[in-house]
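Engineer: Dropping a structure here in structure tokens format, bear with me for questions.
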Amino acid sequence: MSLITGMPHLIDAVCETLRAYFGELDFISDLLPFHYTRYYEAELGSSLVRRMISFQTLISPDALPAIKLTTNSLEQRFADTSGKRRVNIDPGYIALSHVILATGKGFAHRPYLRDGIYADLTLIFQAHTFRPLEWTFPDYRSEEMIGLLNTLRSQYLKQLRGTAGKGA
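Going from the sequence shown to the working numbering is simple: count from 1 and add 891.
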């Protein structure tokens, strides 16, 4: 899950709220500068940062629309008094073969799931690493993000094998 904000002091509270909905976190990235687009600046401010997190509990891909609707609601909970978002929360999931993000915006490469939510095929896993596609957002193309997601994929593989947290 990706959290983007111009107010880094909100991130801990957002993480605590997400933990109440989705369970314990098993990964929390450092704060990463978010400088790939100005798309969010009008709403979230400048000097944006991102934190990537993941949860111990694995999800079924068919849960993604409900998770996205929940995170949309949480964005509104953390909005300012005028209703302007102060944090962008983007859920997704890592599978062994790809990374999928949830979005409310349809496009040719985004199949409709349900309830106004689409699946964005963001990265595919080939030759021992995640690889971008022609439509992959610049931030998800970065070496830093691909390295982070490769690490999370390795963690996921250990969870599938039942060795996570056992020193394997």
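Beta carbons are placed, not taken as given, at the ideal position from N, Cα and C, and that holds for glycine.
Short of 6 Å in beta carbon distance, which residues of its chain neighbour F1016, apart from the five on each side in sequence? Order them along the chain.
Structural biologist: S988
Engineer: In the DSSP assignment, what are the bridge partners of V905?
Structural biologist: V905 is not bridged to any residue.
Engineer: Kindly identify the DSSP beta-bridge partner or partners of G983.
Structural biologist: L992
Engineer: Among F918, T908, V905, H926, which one has its Cα closest to the Cα of F1028?
Structural biologist: H926
Engineer: Look up S893 in the DSSP assignment and say whether it is helix, strand or coil.
Structural biologist: S893 carries a strand assignment under DSSP once its states are collapsed to helix, strand and coil.
Engineer: Quick one: residues in its chain with C-beta nearer than 8 Å to the C-beta of D917, no 5 flanking neighbours on either side, listed in chain order?
Structural biologist: These residues qualify, in order along the chain: S945, F946, Q947, Q1046, A1055.
Engineer: How big is the Cα-Cα spacing for G974 and L1043?
Structural biologist: 33 Å
Engineer: Distance, Cα to Cα, G1038 vs R977?
Structural biologist: 27 Å
Engineer: Would DSSP call R977 helix, strand or coil?
Structural biologist: coil
Engineer: Return the CA-CA distance between L853 and A986, expressed in angstroms with no decimal places.
Structural biologist: Summary: the structure shown does not reach residue 853, with the chain confined to residues 892 through 1059, and so no result is reported for it.
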